[in-house]
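Residue numbers (this note's numbering), protein chains in the order written: chain U, 1 to 250; chain Z, 1001 to 1330; chain B, 2001 to 2094. Every residue gets a Cβ at the ideal spot worked out from N, C-alpha and C, and that includes glycine. Small disclaimer: the values here were computed from a predicted structure and weren't measured. Worksheet: one structure, shown below.
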Amino acid sequence: MSALFEFCLRMGDNTLVLGHRVSEWCGHAPVLEEDIALANTALDLIGQTQLWLGLAAEVQGEGKSADDLAFLRDAWDFRNALLCELPNGDFGQTLMRQYLFDEWHCMMLNALRSSTEKRVSDIADKAIKEASYHLERSRDTVIGLGDGTTESHARMQAALDYLYPYVGELFVADGHDEAATKAGIAPDLASLRDGYDAALSATMAAAMLTIPDDKFAHKGGRTGRMHTEHLGHMLTQMQWLQRAYPGASW
Amino acid sequence: MYAQMVKSTGEGVKSRDEMSPEEAAFQDRIDQDIKIEPKDWMPEGYRKTLIRQIGQHAHSEIVGQLPEGNWITRAPTLERKAILLAKVQDEAGHGLYLYCAAETLGVSRDELTEDLLSGRMKYSSIFNYPTLNWADMGAVGWLVDGAAIMNQVPLQRTSFGPYSRAMIRICKEESFHQRQGYDIMMKMAQGTEAQKKMAQDALNRTWYPALMMFGPSDKDSVHSAQSLAWKIKIDTNDELRQRFVDQTVPQAEYLGLTIPDENLKWNDEKGGYDFSQPDWEEFFDVVRGNGPCNVDRLAARNKAWDDGAWVRDGLLAHAEKRAARKTAAE
Amino acid sequence: MSKEWPLWEIFIRGQHGLSHRHVGSLHAPDAEMAIKNARDVYTRRNEGQSIWVVEAKHISASNPSDKGPMYEPSESKVYRHPTFFDIPEDVGAM
Ligand SMILES: [Fe+2]
Ligand SMILES: [Fe+2]
Ligand SMILES: [Fe+2]
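What follows is the structure, given as structure tokens:
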């Protein structure tokens, strides 16, 4: 399959899976204002999914739709980073996951605005505006909770400790990534790392949180080689109607 | 309705002779459709009734997120997921606007929330029913939001300024809720056999609970009489219920679905449908806490509130620290 | 019960160059979060171009019982309104 197709899946599965996770909060957030804000984030991510998976389906050329790709692939065909599929945990873990993703997402989208593939840069132009706001909000919340009470600080440190090993995967390129970089579709992933680390350090310093020393990185989501157990459970919910009633239109 | 059986003073409407000069002037303003604003003088009974009504209305919006939220992660397409999420998010917004309106009467959102969580205050009976198949998302939008709109459109003219303004904003947003519900119903009713079955099943389960939303007949209620006089209630429960049935029957016919009522029949004389009353015994059971989902709904709200305490405290502590650092630097 | 976030009044300037208008209120721990919350709560249907937030306790309001002295004197200054003056139609638009 083409580098462009793979690339679109990786972008679209990130937003699909993370958007789904964030949408799980609806009706259960700590305060109404946060409930509404989380729903906005989820809505943006679902909208971006429609664009990325729509483009993937178009490139694939088998007459499929974004919905077909979202609802009818099994876990091994998903190409999202593991970070996105991890469970929500408490509100702090959700916002920490969001921040770690948003920081990467913004750098990625910014680079994609100069993609040689016009359809990619068009999506990036639209998505960057949404992602920038997500980042502003998640960064402020991570800082606020990190530098809040003793309890909120401890919870945010626990969230960072749990999630940090899933950050590295965002910067590890495989053959598909290299092909996309070569074709001018996407930036070299490794080239984003320094900027990311600098931003992360600044945020965590403001949040009074300590970045773990260990740079070990779990991998396998973006390549599809090995997802976490969590993804399968998410898909059983997400895909249930489409699977149980094949061919129905909704 | 979203606010059901709201108790007023219980003393009945005062005659002009019984009113103090202030009360008479107040009633005059209401009769002339002049809005009452938070700092205006108002009878204590008016203030208290409004807090109960707006509070209950707000609680209903918030608890009302849960039955539909139940299907967000199972929505069958990306577009349906987005629409449903946006719709449920709107309900959170409605709750927020209404709590703010209540706050102008001197009660805090936290106080109202505590009253909801402890069960001291009620929310609409409808949200104690489960959503069991995808067509319920259609039926809820079509019937539940439809019934709510019946009540909320006239409430835009209610006498209390902040309540009226909240209702105007809410009604503007509500207009898409009912339509998205009906849109789901159309798809289902025109779909496969299984989908048709889901649609009919959803209608069967939602019909009577939707009729209950308007509350038992209140033509003899002293509470409603006072609320009508104060224009915090605009129509009687029976009027609204009749209007709802008359509007809904042709919509069900269009879908090819059957309303589960053998007595449903057009009555030329009254220019409306005759229909069966819901089981009011069941209604009172639900109100007393014995509906199919009462326990789960309150547990979910309590969990969200309790689990969120450290977040609310943490962000406030940070804001206070920052403010203190800023003052120290100046 | 822990402490409640302060209440903020939200003013939004819409698309068409009108002034900021009061749209409602919300709770937030500080001004910056109030602006973000206002963006999420009150501009979901792209109503907004600019947001002002004011903590509710800082708003001073006129007393409703002063309505007479506050607003009625202006009722008699009808000459402030353009319709007060009869200009012959022949003069054209004015
Ligand atoms: Fe609503
Ligand atoms: Fe509703
Ligand atoms: Fe609604």
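Let's test the definition: count the other Cβ atoms within 10 Å of the Cβ of residue i and tell me whether it reaches 16, buried, or not, exposed.
| i | result |
| --- | --- |
| Leu1257 of chain Z | buried |
| Asp125 of chain U | exposed |
| Ile2010 of chain B | buried |
| Arg1205 of chain Z | buried |
| Thr2083 of chain B | exposed |
| Lys1081 of chain Z | buried |
| Arg21 of chain U | buried |
| Asn1128 of chain Z | buried |
| Pro2021 of chain B | Going by the sequence as given, residue 2021 of chain B is Arg instead of Pro. Under this definition Arg2021 of chain B is an exposed residue. |
| His1223 of chain Z | buried |
| Tyr1278 of chain Z | Sequence check: residue 1278 of chain Z is Pro here, not Tyr. Buried. |
| Gln242 of chain U | buried |
| Gln1190 of chain Z | exposed |
| His2081 of chain B | exposed |
| Phe2094 of chain B | A small fix is needed here, since residue 2094 of chain B is Met in this sequence, not Phe. By the 10 Å Cβ count, Met2094 of chain B comes out exposed. |
Taking the alpha carbon of residue i as the reference point, which residue from the options has its own alpha carbon closest?
| i | options | result |
| --- | --- | --- |
| Met1185 of chain Z | U:Ile123, U:Trp250, U:Asp214, U:Ala39 | U:Trp250 |
| Leu2007 of chain B | Z:Ser1108, Z:Ala1328, Z:Lys1197 | Z:Ser1108 |
| Leu45 of chain U | U:Leu170, U:Gly61, U:Gly12 | U:Gly12 |
| Val130 of chain U | U:Gly19, U:Tyr196, U:Gly27, U:His176 | Going by the sequence as given, residue 130 of chain U is Glu instead of Val. For Glu130 of chain U, the nearest C-alpha among the options comes from U:Gly19. |
| Gly2014 of chain B | B:Glu2047, B:Gly2024, B:Trp2005 | B:Glu2047 |
| Met1198 of chain Z | Z:Pro1209, Z:Ala1135, Z:Pro1038, Z:Glu1269 | Z:Ala1135 |
| Gln1032 of chain Z | Z:Asn1290, Z:Ala1229, Z:Arg1322 | Z:Ala1229 |
| Val17 of chain U | U:Ala3, U:Ala75, U:Ala179 | U:Ala75 |
| Ala1092 of chain Z | Z:Ile1170, Z:Arg1312, Z:Thr1327, Z:Asp1017 | Z:Ile1170 |
| Gln2049 of chain B | B:Glu2032, B:Gly2017, B:Ser2062 | B:Gly2017 |
| Thr1131 of chain Z | Z:Val1140, Z:Leu1050, Z:Gly1314, Z:Ala1323 | Z:Val1140 |
| Glu1111 of chain Z | Z:His1059, Z:Glu1173, Z:Asp1220 | Z:His1059 |
| Gln1242 of chain Z | Z:Gly1215, Z:Asp1115, Z:Ala1003, Z:Leu1203 | Z:Gly1215 |
| Pro212 of chain U | U:Gln50, U:Gly168, U:Ala180, U:Leu109 | U:Gly168 |
| Gln1200 of chain Z | Z:Arg1325, Z:Pro1260, Z:Glu1269 | Z:Pro1260 |
| Trp1142 of chain Z | Z:Phe1283, Z:Ala1210, Z:Gln1065 | Z:Ala1210 |
| Ser1008 of chain Z | Z:Tyr1163, Z:Ser1118, Z:Arg1047 | Z:Arg1047 |
| Asp147 of chain U | Z:Gln1027, Z:Ala1319, Z:Glu1269 | Z:Ala1319 |
| Ile36 of chain U | B:Lys2077, B:Arg2044, B:Val2091, B:Lys2057 | B:Arg2044 |
| Glu1089 of chain Z | U:Phe171, U:Val172, U:Ala29 | It should be noted that the sequence gives Gln, not Glu, for residue 1089 of chain Z. When only C-alpha atoms are compared, the closest one is U:Ala29. |
| Val1311 of chain Z | U:Val172, U:Gln93, U:Met108, U:Glu62 | U:Gln93 |
| Ala2031 of chain B | B:Ser2025, B:Val2053, B:Ser2019 | B:Val2053 |
| Thr49 of chain U | U:Gln60, U:Ser65, U:Gly61, U:Leu38 | U:Ser65 |
| Leu189 of chain U | U:Gln237, U:Val172, U:Glu229, U:Gly47 | U:Val172 |
| Leu51 of chain U | Z:Glu1079, Z:Asp1028, Z:Pro1038 | Z:Glu1079 |
| Met234 of chain U | U:Ala217, U:Ser191, U:Arg73 | U:Arg73 |
Got a sec? Which residues, its chain only, sit under 7 Å from residue i by beta carbon, not counting five neighbours each side?
| i | result |
| --- | --- |
| Tyr1273 of chain Z | Val1245, Asp1246, Val1249, Leu1264, Lys1265, Trp1266, Asn1267 |
| Arg97 of chain U | Leu83, Leu86, Leu163 |
| Ala56 of chain U | Phe5, Cys8, Leu9, Gly12, Leu69 |
| Arg113 of chain U | Ser121, Ala124, Asp125, Ile128 |
| Leu1084 of chain Z | Glu1068, Trp1071, Ile1072, Ala1075, Met1137 |
| Ile1054 of chain Z | Leu1098, Ala1101, Ala1102, Tyr1163 |
| Leu209 of chain U | Gly146, Met156, Gln157, Leu160 |
| Asp77 of chain U | Gly224 |
In chain order, what residues of the same chain have a beta carbon less than 6 Å from the beta carbon of residue i, not counting five sequence neighbours either side?
| i | result |
| --- | --- |
| Asp2040 of chain B | none |
| Val2023 of chain B | Ile2010, Ile2012, Tyr2042 |
| Gly221 of chain U | Asn80, Ala81, Leu82, His227 |
| Gly232 of chain U | Ala75 |
| Ile1051 of chain Z | Ala1102, Leu1105, Val1107 |
| Asn1294 of chain Z | Asn1128 |
| Gly27 of chain U | none |
Looking only at its own chain, which residues have a Cβ that is under 8 Å from the Cβ of residue i, when we skip the five neighbours before and after it?
| i | result |
| --- | --- |
| Lys215 of chain U | Gly168 |
Just by C-beta distance, which residues in the stretch 1065-1085 of chain Z are closer than 7 Å to chain U?
Gln1065, Leu1066, Gly1069, Ile1072, Thr1073, Arg1074, Pro1076, Thr1077, Leu1078, Arg1080, Lys1081, Ala1082, Leu1085
With 8 Å as the C-beta to C-beta threshold (strictly closer), list the residues of the stretch 2024-2036 of chain B near chain Z in chain order.
Gly2024, Ser2025, Leu2026, His2027, Pro2029, Asp2030, Met2033
Return the chain-ordered ranges of every alpha helix (DSSP H) run that is complete within the stretch 1077-1138 of chain Z and spans a minimum of 4 residues.
1078-1103, 1109-1117
Check distances from the C-beta atoms of the stretch 2039-2051 of chain B to those of chain Z and list, in chain order, the residues that come in under 9 Å.
Val2041, Tyr2042, Arg2044, Arg2045
Could you list the residues in the stretch 33-58 of chain U with a C-beta less than 8 Å from some C-beta on chain B, going in chain order?
Glu33, Ile36, Ala37, Asn40
What are the start and end residues of each continuous alpha helix (DSSP H) run of 4 or more residues lying completely inside the stretch 200-236 of chain U, in chain order?
none
Compile a chain-ordered list of the residues in the stretch 1017-1046 of chain Z whose CB is closer than 7 Å to at least one CB of chain B.
Glu1037, Lys1039, Asp1040
Using a Cβ-Cβ cut-off of less than 8 Å, list which residues of the stretch 1087-1104 of chain Z approach chain U; keep chain order.
Val1088, Gln1089, Ala1092, Gly1093, Gly1095, Leu1096, Tyr1099
Near-chain B residues of the stretch 130-157 of chain U (beta-carbon distance less than 9 Å), N- to C-terminal order:
Tyr133, Glu136, Arg137, Asp140, Thr141, Gly144
Where in the stretch 1137-1219 of chain Z do unbroken runs of the alpha helix (DSSP H), each at least 4 residues long, occur, reported from the N-terminal end onward?
1146-1155, 1161-1189, 1193-1212
If you measure beta-carbon to beta-carbon, which residues of the stretch 1110-1141 of chain Z are closer than 7 Å to chain B?
Asp1110, Glu1114
Output, in sequence order along the chain, the residues in the stretch 1314-1325 of chain Z whose CB is closer than 9 Å to any CB in chain U.
Gly1314, Leu1315, Leu1316, Ala1317, His1318, Ala1319, Lys1321, Arg1322
Residue ranges of each alpha helix (DSSP H) within the stretch 145-198 of chain U, 4 or longer
150-163, 175-182
If contact means a Cβ-Cβ distance below 7 Å, which residues of the stretch 1168-1196 of chain Z contact chain U?
Lys1187, Gly1191, Thr1192, Ala1194, Gln1195
With a floor of 3 residues, list each beta strand (DSSP E) that falls wholly inside the stretch 1245-1297 of chain Z, ordered by position along the chain.
1265-1267, 1272-1274
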